[in-house]
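Residue numbers (our numbering): 552 to 659.
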């Protein structure tokens, strides 16, 4: 089974990735890279989801809720963008993604 990857960029990328992998029904791991070529370092994590248990729409809802919570953080630290790369290579930015689009990536 091919894996689904999520690239998560922003100050809170590590904490956000850990929270993502704690969602019931998702199992996986992540790596961290840091790009220091810009004015401020940008932390990017690559989460690899190796297993999804449960319905695609239920997991899609949880991923969307997770993303919205990190976008709404008032602490100043948050994630800037999240890109999902499906098993078939299809890419989706979570910024304006619908539940149906997220489900399709997870199930493709």
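Backbone N, C-alpha and C fix where the C-beta goes; we use that ideal spot for every residue, glycine too.
Are there any heavy atoms of the ligand NAP lying less than 7 Å away from the beta-carbon of residue 576, as far as the coordinates show?
By its list of ligands, the structure shown contains no ligand whatsoever, and the ligand NAP lies outside what it can speak to.
Could you tell me if residue 645 is buried or exposed, where buried requires 16 or more neighbouring beta carbons within 10 angstroms of its beta carbon?
Residue numbering aside, residue 645 sits at position 94 when the chain shown is read from its first letter. Buried: at least 16 other Cβ atoms inside 10 Å.
Considering just the uninterrupted stretch of the beta strand (DSSP E) at residue 632, what are its terminal residues?
In the chain shown, counting from the first residue as 1, residue 632 sits at position 81. Start and end: 630-636.
Classify residue 560 as helix, strand or coil using the three-state DSSP reduction.
As a working note, residue 560 is residue 9 in the chain shown. Three-state result, residue 560: strand.
Between residue 652 and the rest of its own chain, which residues show a CB-CB distance below 7 Å, the 5 nearest in sequence each way excluded?
Taking the first residue of the chain shown as 1, we reach residue 652 at position 101. Only 643 meet the Cβ criterion.
Going by beta carbon distance, what residues of the same chain come within less than 7 Å of residue 583, once the five residues before and after it are set aside?
Taking the chain shown and counting its residues from 1, the one referred to as residue 583 is at position 32. These residues qualify, in order along the chain: 565, 594 and 596.
Go ahead and pull the three-state DSSP assignment for residue 645.
Mapped onto the chain shown, residue 645 falls at position 94. Looking at residue 645 - three-state DSSP - the assignment turns out to be coil, as it is neither helix nor strand.
Output the distance between the C-alpha atoms of residue 552 and residue 607, rounded to the nearest integer angstrom.
To locate residue 552, count along the chain shown from 1; it is residue 1. To locate residue 607, count along the chain shown from 1; it is residue 56. Reliability of the predicted coordinates at residue 552 is poor, the pLDDT of 43 falling under 50, and the value obtained from them is presented with this limitation in mind. Roughly 16 Å between the two C-alpha positions.
Can you check whether the CB of residue 605 is closer than 8 Å to the CB of residue 578?
Counted from its first residue, the chain shown places residue 578 at position 27. Counted from its first residue, the chain shown places residue 605 at position 54. Their beta carbons are not under 8 Å apart, which means residue 578 does not touch residue 605 by this criterion.
Do the CB positions of residue 567 and residue 559 come within less than 8 Å of each other?
In the chain shown, the residue the question calls residue 567 occupies position 16. In the chain shown, the residue the question calls residue 559 occupies position 8. In contact: residue 567 and residue 559 (Cβ atoms closer than 8 Å).
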